[in-house]
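Remarks on the structure that follows.
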Amino acid sequence: MQLAEWLEDTGEHLVAGDTTGDVNQNGSVLADDFSGVKKRFFKDTSDLTATDTSYSPLYDVTGDGTILANDFSEVKKRFFDTLPAATAAALLA
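For the sequence shown, the numbering used here begins at 894 and goes up steadily by one.
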């Protein structure tokens, strides 16, 4: 299943304007984002479970439909990246 199909089937949505690697969408890329991706290793769009280790497109940073080490690396490359304050406030409102 491709990412677009998974989004349609599950009703999940991606948030426009988020920082790549900010998988928990709190406005910055920190260790909790790194940990979130790591605990979802090897999950893909066929995983329709609803746990804290289930597939989510937010954790599939590369958007290829599977959460692997390359997603982990993309988050790691962006440690301490943050959204501008106005954008973060608008997204969290």
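We put the CB at the ideal spot given by N, CA and C, even for glycine.
Contact under 8 angstroms by Cβ, residue i with residue j
i, j, result
"valine 922", "phenylalanine 972", "yes"
"threonine 955", "aspartate 964", "yes"
"aspartate 957", "serine 947", "no"
For residue i, the nearest candidate out of the options (CA to CA)
i, options, result
"valine 916", "Asp937, Ser928, Asn963, Tyr952", "Tyr952"
"threonine 938", "Ile960, Ser966, Asp945", "Ile960"
Cβ-Cβ separation, residue j to residue i (assumed contact under 8 angstroms), whole Å
i, j, result
"lysine 1069", "phenylalanine 927", "What the structure shows of the chain is the stretch from 894 to 986, and residue 1069 is not part of that stretch, so it cannot be assessed."
"glutamate 967", "glycine 920", "Contact doesn't hold; Cβ gap of about 17 angstroms is too wide."
Span of the alpha helix (DSSP H), counted from its first residue to its last, around residue i
i, result
"phenylalanine 965", "962-970"
Secondary structure of residue i, DSSP reduced to three states
i, result
"aspartate 926", "helix"
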